[in-house]
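Colleague: The structure is given below, and queries will be raised subsequently.
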Amino acid sequence: PPFIVTLGTWNIFFALNLWYSGAQSIRSQDIDAEAPLLKLFGEGMLIAGVKFTYGSFLMVAIFLVLWYVLNRTAWGRHVYAVGDDKDAAELSGIQTDRTLRSVYAVAGVICAIGAWAAIGRVGSVSPQSFYEGNLESITAVVIGGISLFGGRGSILGPLVGALIVGVFQSGLRIAGVDVLWQVFAIGWLIIIAVAIDQWIRRVSA
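Here it is, written out as structure tokens:
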């Protein structure tokens, strides 16, 4: 399945990244000297005494664009159709391979933008930065109601799921829970969310 291939490929490129970089980080002062634009989305402005980063504005913009595209365009309908049943979508005249390639391309662009925003947030670049982000992303998506089997979900769901995961992790940190048990708890969240997803699929079948 594409999901498993993606995880496998990610691990391969993660290892290559560690090898190529020698597991060395790029310091904040080096970024300031050579590529200060990389920190753009970590900067921001004060609104009513609260600092909003440019990265947060970008997130809202991407959310609105994706919501419109998925709900108001033929491409969005094709994405849902291919996710639900690729064979049926192909029989109905949808170019399924082209749709899949476009989805992967959009996802890749969003990942690149996310990495750019992460550099602005952290202020430096490390080949091991956000290594746990994969697990957190999967958790947010599943909690947000996106079916791992395709065909169901919305752009709002992952946003809500990400907020839930963020609040959950913040609560664990405030409570002084060890990082090991935080990962343990996130793993259980995924299992519970997938079990609920399976139950919903059986009930609606």
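Our numbering puts the sequence shown at residues 741 to 945.
Where is the CB? At the ideal position from N, CA and C, for every residue including glycine.
1) Quick one: what's Lys791 bridged to in DSSP?
2) Helix or strand or just coil, what does DSSP make of Arg926?
3) According to the neighbour-count rule (16 or more other Cβ atoms, all chains shown, within 10 Å of its Cβ), is Leu954 buried or exposed?
4) Is there contact between the stretch 811 to 819 and the stretch 876 to 892, where contact requires at least three CB pairs shorter than 8 angstroms?
5) Count the other C-beta atoms from every protein chain shown that fall within 10 angstroms of the C-beta of Ala775, then say buried if there are 16 or more, exposed otherwise.
6) Just to confirm, is the Cβ distance from Phe908 to Ala925 under 9 angstroms?
7) Considering only their Cβ atoms, is the gap separating Gly860 from Gly906 smaller than 9 angstroms?
8) Would a C-beta distance cut-off of 9 angstroms place Asn751 and Pro867 closer than the cut-off?
9) I need the straight-line Cα distance from Ile904 to Gly833, nearest angstrom please.
10) For Val917 and Gly911, I'd like the C-alpha separation in whole angstroms.
11) Does Ala845 pass the burial test, meaning 16 or more other C-beta atoms within 10 Å, or should it be called exposed?
Modeller: Let's see:
1) As a working note, residue 791 is residue 51 in the sequence shown. Lys791 is bridged to Leu786.
2) Stepping through the sequence shown from its first residue, residue 926 is reached at position 186. Going by the sequence as given, residue 926 is Ile instead of Arg. Shown here, Ile926 sits in a helix according to DSSP, grouped into three states.
3) Since the first residue of the chain shown is 741 and the last is 945, residue 954 is not available in this structure.
4) Touching, no.
5) The sequence position of residue 775 within the sequence shown is 35, counting from 1. Residue burial annotation: Ala775 is exposed, with fewer than 16 other C-beta atoms found within 10 angstroms of its C-beta.
6) Translated into positions along the sequence shown, residue 908 becomes position 168. Translated into positions along the sequence shown, residue 925 becomes position 185. Pairing Phe908 with Ala925 gives a Cβ-Cβ distance under 9 angstroms.
7) Position 166 of the sequence shown, counted from the start, is the residue given in the question as residue 906. Position 120 of the sequence shown, counted from the start, is the residue given in the question as residue 860. Not a contact, by the Cβ cut-off of 9 angstroms.
8) The sequence position of residue 751 within the sequence shown is 11, counting from 1. The sequence position of residue 867 within the sequence shown is 127, counting from 1. No, the pair does not count as a contact, with Cβ atoms beyond the cut-off.
9) Start at 1 with the first residue of the sequence shown, and residue 904 comes out as number 164. Start at 1 with the first residue of the sequence shown, and residue 833 comes out as number 93. Rounded to the nearest whole angstrom, the C-alpha separation of Ile904 and Gly833 is 39 angstroms.
10) Taking the sequence shown and counting its residues from 1, one reaches residue 917 at position 177. Taking the sequence shown and counting its residues from 1, one reaches residue 911 at position 171. Whole-angstrom Cα-Cα distance: 9 angstroms.
11) In the sequence shown, counting from the first residue as 1, residue 845 sits at position 105. So Ala845 counts as exposed.
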